[in-house]
Amino acid sequence: MKRKIDFLIIGSGIAGLSYALKVAQHGKVCMITKANEDESNTKYAQGGIAAVMYSPDSFEKHIQDTLIAGDGICDEEIVRMVINESTERVNELIAWGAKFDKTESGEYDLAKEGGHSEHRILHHKDNTGYEIERALLAAIHKHENIEILDHHFAIDILTQHHLGKEVNSRTPDIECYGAYVLNLRSNKIETILAKTILMATGGAGHVYSITTNPTIATGDGVAMVYRAKGRIEGMEFYQFHPTSLYNPGESPSFLISEAVRGFGGILKTIDGNEFMQKYDERKSLAPRDIVARAIDNEMKTRGDDYVYLDCRHLDKAELIKHFPNIYEKCLSLGIDITKDFIPVVPAAHYMCGGIKVDKEGRSNINLLYAIGECSSTGLHGANRLASNSLLEAIVYSHHASIAAVEDSKAINFCDAIPDWDAEGTAHPEEMVLLIQSLREVQAIMTNYVGIVRSDIRLQRAFDRLEILYKENEALYLKTIISPKLCELRNIINVAYIIIKHARERKESRGLHYTVNYPKTTNYES
Ligand code: FAD
Ligand code: SIN
66 MKRKIDFLII GSGIAGLSYA LKVAQHGKVC MITKANEDES NTKYAQGGIA
116 AVMYSPDSFE KHIQDTLIAG DGICDEEIVR MVINESTERV NELIAWGAKF
166 DKTESGEYDL AKEGGHSEHR ILHHKDNTGY EIERALLAAI HKHENIEILD
216 HHFAIDILTQ HHLGKEVNSR TPDIECYGAY VLNLRSNKIE TILAKTILMA
266 TGGAGHVYSI TTNPTIATGD GVAMVYRAKG RIEGMEFYQF HPTSLYNPGE
316 SPSFLISEAV RGFGGILKTI DGNEFMQKYD ERKSLAPRDI VARAIDNEMK
366 TRGDDYVYLD CRHLDKAELI KHFPNIYEKC LSLGIDITKD FIPVVPAAHY
416 MCGGIKVDKE GRSNINLLYA IGECSSTGLH GANRLASNSL LEAIVYSHHA
466 SIAAVEDSKA INFCDAIPDW DAEGTAHPEE MVLLIQSLRE VQAIMTNYVG
516 IVRSDIRLQR AFDRLEILYK ENEALYLKTI ISPKLCELRN IINVAYIIIK
566 HARERKESRG LHYTVNYPKT TNYES
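Residue numbering for the sequence shown follows the numbering used here, beginning at 66 and increasing consecutively.
Below is the structure:
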């Protein structure tokens, strides 16, 4: 069965939802998403969304903070574009119904996070992403042009390679027509043809053993585009959040927002001593790459399993008011954050690289756009500044929607695409093989391609991953398609790209730190 649609969107986080609201003014939209419609990294965002709202903050200060965090390889033109549009796009989010906390005087209660020189993070308590996802879905449900197909898993995009024949001035080689999608209720694989296709599949935290990301974050979009010969860049820059709650056995790891450090929380070793002054003058509020590396170093040299975040000196009522979910979560584990230290460890958190796109969110595959965490725009460089990702998603949904509406005008559907010639299933027979291989990939990536790398570790990771890749491809060819099998395949593809990019970068920069090429200085603009 073939479904035909004007705009196909893969993913229902902030990127997919905000883009849908824009393109739906111009045609029929089909949004597919592999779990419940609200399940996404977006839903778990805590700290908030960075935007310039009032003086003494300024666009220039936010631009410089982003450039410094990015360690010298941000695309400055893109940084300026995104930050200069921040106020307008955040106001649009507010107009769609998202609510952010205000002070008693009626101004937005702006928080501060690592690497920010001013208070500029709009937030809704400590569950900002939940509020954004709620508001966008409510607006979407009112729109008659938008259909959401939940529990629909995109297996691969449909592309044709024109082998050098000029199709248009942008993309001479590859064209995208839609996607093969496994309907997890019927187990049928459907062909969805579209005039334009948006990849908004988010991150890939589950490439690593410890992550803050929900289970949907398996790098599907990057892997699909990579298999279709699309351009992927910057994957060596995987961001580890410094402070996830140390609670062995819990996966994903619960995040302790950076905003807690912005509020005055201080990192300490388990004997109660501060240590960040040894690493950076900004101490606990240095950019994330520096803080995560410092914690990793303290844990390794001292032989400890975690460090502490100390909030005991902070105003109790204000702390609970600003971070009610963090307070409740810790309390449920017997930790009263107003009286006790919080044990924390770094965890894989954000994919700074991804599908290479231009200013309009266009990938190098004609009619395929990518925005949000699965894309690489040039904004983050070697290290994302906290709370810049939600912002990047809404700025690019605006740009990409304009481009896609324009590009879709001259497009006809490609009926020649064959349907998938088999069915799928929700539950693969050989689950034990998949689970074991997944654990092996995650262990390889955590031990050899984590916060600190070396040539020999990367070589070992590459060799070990090759075995898993061959085993899984063989399984893929002879087994009925299932989401778990596809996700494992995607995770292996993404792990391979991270290792490949890490081996190509012969320097330590931002999030990519290797003992073979030690870092001498941090970038200062
Ligand atoms: P997502 O929100 O992850 O959405 C991806 C969507 O794609 C999901 O709906 C998923 O189900 C779907 N999908 C994936 N693969 C497939 C497939 N094969 N088929 C169909 N559907 C698929 N950023 C900030 O700026 N500020 C913060 O305070 C902040 N806090 C964070 C806290 C946590 C715990 C985490 C995990 C992240 C945080 N981030 C924060 C990062 C930010 O939340 C994400 O980068 C952002 O939400 C990504 O949005 P997205 O729309 O690109 O992807
Ligand atoms: C946090 O609240 O610490 C997460 C912020 C982010 O990832 O941008």
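Backbone N, C-alpha and C fix where the C-beta goes; we use that ideal spot for every residue, glycine too.
- A distance below 7 Å between beta-carbons, with the five flanking residues on each side excluded, links Arg367 to the following residues of its chain, in chain order: Thr334.
- A direct Cα-to-Cα measurement between Gly399 and Cys376 gives close to 15 Å.
- Residue state for Asn106 is assigned as coil, using DSSP reduced to three classes.
- Beta-bridge annotation (DSSP): Phe218 is paired with Leu247.
- Ligand 1 approaches Gly76 closely enough that one of its heavy atoms is under 7 Å from the residue's Cβ.
- Under a 10 Å Cβ-count criterion, Thr168 is classified as exposed, with fewer than 16 other Cβ atoms of the shown protein chains found around its own Cβ.
- With distances taken between CA atoms, Asp361 lies nearest to Thr308 out of Glu315, Thr308 and Glu323.
- Beta-bridge partners assigned by DSSP to Met264: Ile75 and Ala435.
- Under DSSP, the beta-bridge partners assigned to Ser440 are Ile420.
- Separation of the CB atoms of Arg154 and Ile556 is rounded to 32 Å, and the pair is thereby denied contact status at 8 Å.
- Membership of Cys479 in any beta strand (DSSP E) is not indicated, and neither H nor E is assigned to it by DSSP.
- Judged by DSSP secondary structure, Thr308 falls outside any alpha helix (DSSP H) and instead within the beta strand (DSSP E) spanning Tyr303 to Leu310.
- Residue pairing by DSSP puts Arg518 in a beta bridge opposite Thr579.
- Straight through space, the alpha carbons of Leu310 and Phe319 are spaced by roughly 5 Å.
- Per DSSP, Ile143 is one residue of the alpha helix (DSSP H) stretching across Glu141 to Asn149.
- A Cβ-Cβ contact shorter than 8 Å links Leu432 with Asp472.
- Beta bridge pairing from DSSP links Arg574 with His577.
- Unbroken alpha helix (DSSP H) runs of no fewer than 4 residues, entirely contained in the stretch 317-392, are found at 323-327, 353-367 and 381-387, following chain order.
- Between Ile546 and Gly418, the beta carbon gap of about 27 Å keeps them out of contact (Cβ cut-off 8 Å).
- Taking a cut-off of 8 Å for Cβ pairs, the stretch 281-294 and the stretch 552-571 touch, as three or more such pairs fall below it.
- Those residues placing their Cβ nearer than 5 Å to any heavy atom of ligand 2 are, following chain order, Gln111, Gly112, Ser322, Glu323, Ala451 and Ser452.
- Relative to the Cα of Ala475, the nearest Cα in the group Lys260, Pro483, Glu301 and Cys551 belongs to Lys260.
- Residue pairing from DSSP places Gln225 in a beta bridge opposite Glu240.
- Beta-carbon to beta-carbon, Gly112 and His188 are separated by about 6 Å, close enough to satisfy the 8 Å threshold.
- When Glu183, Ile74 and Ile521 are compared, the shortest CA-CA separation from Thr266 is found for Ile74.
- Contact between Gly180 and Asp130 is confirmed by a C-beta separation of about 6 Å, below the 8 Å threshold.
- Excluding sequence positions up to five before and after Thr283, its CB lies within less than 7 Å of the CB of Ala269, His271, Glu552, Asn555 and Ile556, all in the same chain and listed in chain order.
- Of the other Cβ atoms in all chains shown, fewer than 16 fall within 10 Å of the Cβ of Ser316; this residue is therefore exposed.
- The C-alpha of Gly437 is placed about 5 Å away from the C-alpha of Ala80.
- For ligand 1, no non-hydrogen atom lies closer than 7 Å to the CB of Asn558.
- In this chain, the beta strand (DSSP E) harbouring Met96 covers Val94 to Ile97.
- Within a 10 Å sphere around the beta-carbon of Tyr119 sit fewer than 16 other beta-carbons, which makes this residue exposed.
- About 5 Å separates the beta carbon of Ala244 from that of Ile222, a gap short enough to meet the 8 Å contact definition.
- The stretch 334-347 makes no contact with the stretch 377-397: fewer than 3 CB pairs, one atom from each, lie closer than 8 Å.
- Counting only unbroken stretches of 4 or more residues, the alpha helix (DSSP H) elements lying wholly within the stretch 498-570 are 520-543 and 548-569, in sequence order.
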